[in-house]
Amino acid sequence: MVRKPSHGDTTSAGNGGTEAMKERKGLWSPEEDERLFIQITYHGVSTWSSVAQLARLRRSGKSCRLRWMNYLRPDLKKEPISKREEEIIISLQQSIGNRWSTIAATMPGRTDNEIKNYWNSRIRKRLNAAAKAGRDDGASTKPAPASEEKLEVEATNNADTEAGPVPIPERFPVFACQLIDGGIAGGGGSGENTPSTTSSTQQNSGEESEASVGDSNMIHFISFDDLDYPADLLMDLPGAMDAWE
DNA sequence: AAGACACGCAACCGCAAACAA
DNA sequence: ATTGTTTGCGGTTGCGTGTCT
1 MVRKPSHGDT TSAGNGGTEA MKERKGLWSP EEDERLFIQI TYHGVSTWSS VAQLARLRRS
61 GKSCRLRWMN YLRPDLKKEP ISKREEEIII SLQQSIGNRW STIAATMPGR TDNEIKNYWN
121 SRIRKRLNAA AKAGRDDGAS TKPAPASEEK LEVEATNNAD TEAGPVPIPE RFPVFACQLI
181 DGGIAGGGGS GENTPSTTSS TQQNSGEESE ASVGDSNMIH FISFDDLDYP ADLLMDLPGA
241 MDAWE
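Counting from 1, one number per residue, gives the positions in the first sequence under UniProt numbering.
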């Protein structure tokens, strides 16, 4: 479901010319994720463009911000949007419109992008179909109110709500999965550090990340969101909390 | 088995607001 | 007050994957 990294440029392997200084676009490689994650985790964010520079990423600050906000932030929820959350989205969208960031702010762990995608790909379609059906019945042309929609939502979305116990969530940085999966702690991801448990996350095509976070604290930090690590564990990691300002 | 189509998601783009110099 | 920079937001696109025919 997730695209393989096309790694928009052909310069990544360090052919040090001016091309190498060009800004990268396209999907993020695990190595870039790692750099960004470590940079923000240990040093926080002054400005996003400085983050990009300090992490030696050939990305715009804007791109770094987006990647962090939508994917790398450890406080993101990894499970699918629940029925309850969907009801909230529908109800808020009807009352305030497409203000996705506002809607996201009411739903901890969800991003505006995620909600927007969810709306565009699923809910809107269903509402339109419902509205059309309503018109065909000679009913009002307005979209069905949230309360009515709930019934349909319930009927169509039950499968989404029961996310089984997934050891490593689908949406989780590959390098983090590698660490958790026994990669770094046992001497780094050398050899075949199979990202098998991350099947649908970004597979790096050949340029395997080194996962060279030489600090086992990182393992705890990266995984705290899913494994219910106590928050005070983070306090043991100097500078770790700077990122959350 | 193969091609067409639909779906879901990551990321880009353009714009506007906020802020700094 | 003006100009330049950064950040945040919403709309949109591109593309990998799953499903259907």
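We put the beta carbon where it would ideally sit given N, CA and C, even for glycine. If you're wondering where the values come from, they're calculated on a predicted model, not measured in any experiment.
Below 8 Å on the Cβ atoms is my guess for T111 versus M69; work out the distance and round it to an integer in Å.
The C-beta distance from T111 to M69 rounds to 6 Å, short enough to fall under 8 Å.
Short of 8 Å in beta carbon distance, which residues of its chain neighbour A139, apart from the five on each side in sequence? Order them along the chain.
With a pLDDT of 39 at A139, under the threshold of 50, the modelled position of that residue is not reliable, and no figure is offered here.
Below 6 Å CB to CB, which residues in the same chain sit around V45 once its five sequence neighbours on both sides are set aside?
Close CB contacts of V45 within its chain, under the 6 Å cut and outside five residues either way in sequence, are with V51 (chain order).
D33, buried or exposed, once every other Cβ within 10 Å from all chains shown has been counted against 16:
The residue is buried, with at least 16 neighbouring Cβ atoms inside 10 Å.
How would you label residue 247, buried or exposed, when you count the other beta carbons within 10 angstroms and need 16 or more for buried?
It is not possible to answer for residue 247, since the shown part of the chain is limited to 1 through 245.
Between the Cα of R59 and the Cα atoms of R73, R35, S121, N120, which residue gives the shortest distance?
Closest option to R59, Cα to Cα, is R35.
Around the Cβ of L54, are there at least 16 other Cβ atoms within 10 angstroms (buried) or fewer (exposed)?
Exposed: under 16 other Cβ atoms inside 10 Å.
Would E86 pass as a contact of I38 if the rule is Cβ separation under 8 Å?
Against a cut-off of 8 Å, the Cβ pair of I38 and E86 comes out as no contact.
Apply the 10 Å Cβ neighbour rule to I96 and answer buried if 16 or more other Cβ atoms are within range, or exposed otherwise.
With fewer than 16 Cβ atoms within 10 Å of its Cβ, I96 is classed as exposed.
Ordered along the chain, which non-local residues of its own chain (more than five positions away) have a Cβ less than 8 Å from that of G61?
Contacts found: T47, W48, S49, S50, V51, A52.
For P80 and N98, what's the separation of their Cα atoms in angstroms?
So the two alpha carbons sit approximately 20 Å from each other.
Which whole-angstrom value is the C-beta distance of A104 and I115, which I expect to be below 8 Å?
Indeed, because the Cβ distance is near 5 Å, the residues count as touching under 8 Å.
Between K77, K83, E23, which lies nearest to C64 when the distance is taken from Cα to Cα?
Here the closest residue by C-alpha is E23.
Opening and closing residue of the alpha helix (DSSP H) in which Y42 lies:
Run containing Y42: 30-43, per the alpha helix (DSSP H) assignment.
Do you know how far the Cα of N117 is from the Cα of E31?
The alpha-carbon of E31 is positioned some 26 Å away from that of N117.
Please state whether DSSP places T47 in a helix, a strand or coil.
Coil at T47, not helix or strand.
Would you mind working out which of I90, L66, Y71 sits nearest K125, comparing C-alpha positions?
Taking K125 as reference, the option from I90, L66, Y71 with the minimal CA-CA separation is I90.
Reference L72; option with closest CA among Q94, W100, I40:
Checked all of Q94, W100, I40; the closest Cα to L72 is I40.
My guess is that W119 and Q94 are in contact by the Cβ rule of under 8 Å, so how many angstroms apart are they, rounded?
That pair is no contact at about 11 Å.
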